[in-house]
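> Quick one: the structure is below, and I'll ask about it shortly.
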Amino acid sequence: MRFLRNICVFCCLLLFGCVSNSAEKKTDWFFQVAAPEHYDIWVEHLEFELSGVRHWYHPAGGISCCWRGPSGPSGMLGGLEPFPNYIGVQWFSFAEKKFYQRLLSVNTDWKSRMSERAKYVTSTGTHYGPRNILTLGFAPGGTIVVWIKNQIGNEIEIARLQANEIEGDASVYKTRISDYIERSGEYLEAHGIPLEGW
Numbered sequence: 156m157r158f159l160r161n162i163c164v165f166c167c168l169l170l171f172g173c174v175s176n177s178a179e180k181k182t183d184w185f186f187q188v189a190a191p192e193h194y195d196i197w198v199e200h201l202e203f204e205l206s207g208v209r210h211w212y213h214p215a216g217g218i219s220c221c222w223r224g225p226s227g228p229s230g231m232l233g234g235l236e237p238f239p240n241y242i243g244v245q246w247f248s249f250a251e252k253k254f255y256q257r258l259l260s261v262n263t264d265w266k267s268r269m270s271e272r273a274k275y276v277t278s279t280g281t282h283y284g285p286r287n288i289l290t291l292g293f294a295p296g297g298t299i300v301v302w303i304k305n306q307i308g309n310e311i312e313i314a315r316l317q318a319n320e321i322e323g324d325a326s327v328y329k330t331r332i333s334d335y336i337e338r339s340g341e342y343l344e345a346h347g348i349p350l351e352g353w
């Protein structure tokens, strides 16, 4: 009887060990949406699709930071499961009072590049893990920049795309534009609205 009990315990330990190992290998994928500081946007539509498997929408809303420096690229964060093959986005640029739209075809090597281990540092020390965050940056002129990272500072730019300007009614954002100008108007007057160099 004791022999049978020991075999059962041994089998359970093997089973839990296998479950634990497979769980450790799973990578959680995320996305972020960023915009340059002082060039706020409102993301009207942000949709993801893995063809034939899942299509989903993420309510992004207002994005006001961050593009470069110690706080960027970073922004609003969400889950990316399953990993999509298409990303659709439509946004309103407060600085330009223009609407932009783009359907991104996710390059087949993005996920494999994200899976490569990269160094990151936390309060517990130096670690290595996949660049599991896909950061989408939207800038004036309809510029889209895509980075991969697992921590600010180890990002790699993997794509630079141009969105299409589309028709839209900017008066829908009348109050938000007024608030935006109150916050960033002086900056815009001093620096303008660069359409290149992002």
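Residue numbering for the sequence shown follows the numbering used here, beginning at 156 and increasing consecutively.
All C-beta atoms, glycine included, are put in the ideal place defined by N, C-alpha and C.
A quick note: this is a predicted structure, and the numbers were derived from the prediction, not measured.
What is the rounded straight-line gap between the Cα of A178 and the Cα of H213?
The count along the sequence shown starts at 1 and reaches residue 178 at position 23. The count along the sequence shown starts at 1 and reaches residue 213 at position 58. Only weak support is given to the placement of A178: the predicted model assigns it a pLDDT of 47, under 50, and the value that follows is read from those uncertain coordinates. When the Cα atoms are used, A178 and H213 turn out to be separated by approximately 26 Å.
> For E344, which residues in the same chain have their Cβ closer than 8 Å to its Cβ, ignoring the five residues on either side in sequence?
What you label residue 344 is simply residue 189 of the sequence shown in a count that begins at 1. Excluding sequence neighbours, E344 sits near nothing in its chain.
> Considering only the beta carbon of each residue, do A190 and T290 sit closer than 8 Å?
Start at 1 with the first residue of the sequence shown, and residue 190 comes out as number 35. Start at 1 with the first residue of the sequence shown, and residue 290 comes out as number 135. Not a contact, by the Cβ cut-off of 8 Å.
> Between which two residues does the alpha helix (DSSP H) holding K329 run?
By one-based count along the sequence shown, residue 329 stands at place 174. Boundaries of the alpha helix (DSSP H) harbouring K329: 329-346, taken from the DSSP string.
> If I measure Cβ to Cβ from G323 and keep anything under 6 Å in the same chain, skipping five residues before and after, which residues do I get?
Looking up residue 323 in the sequence shown gives position 168. Excluding residues within five positions, the ones whose Cβ falls inside 6 Å are F254.
> Of all the alpha helix (DSSP H) runs that stay within the bounds of the region 248-335, which reach a length of 4 or more residues?
265-270
> In three-state terms, what does DSSP make of G207?
One-based indexing of the sequence shown puts residue 207 at position 52. In this structure, G207 counts as coil in the three-state DSSP scheme.
> If distances are taken between C-alpha atoms only, which option among R286, H282, T298, W222 comes closest to Q245?
Residue mapping note: residue 245 aligns to position 90 of the sequence shown, counting from 1. When only C-alpha atoms are compared, the closest one is T298.
> Going along the chain, which residues of its own chain have a beta-carbon closer than 6 Å to the beta-carbon of F203, five neighbours each way excluded?
To locate residue 203, count along the sequence shown from 1; it is residue 48. Within the same chain, F203 has close Cβ partners W211, P239, I242.
> If we call anything under 8 Å between Cβ atoms a contact, is P228 one with G308?
The sequence position of residue 228 within the sequence shown is 73, counting from 1. The sequence position of residue 308 within the sequence shown is 153, counting from 1. Against a cut-off of 8 Å, the Cβ pair of G308 and P228 comes out as no contact.
> So, is Y335 buried or exposed, given that buried needs 16 or more other C-beta atoms within 10 angstroms?
In the sequence shown, the residue the question calls residue 335 occupies position 180. Y335 is buried by the Cβ-count criterion.
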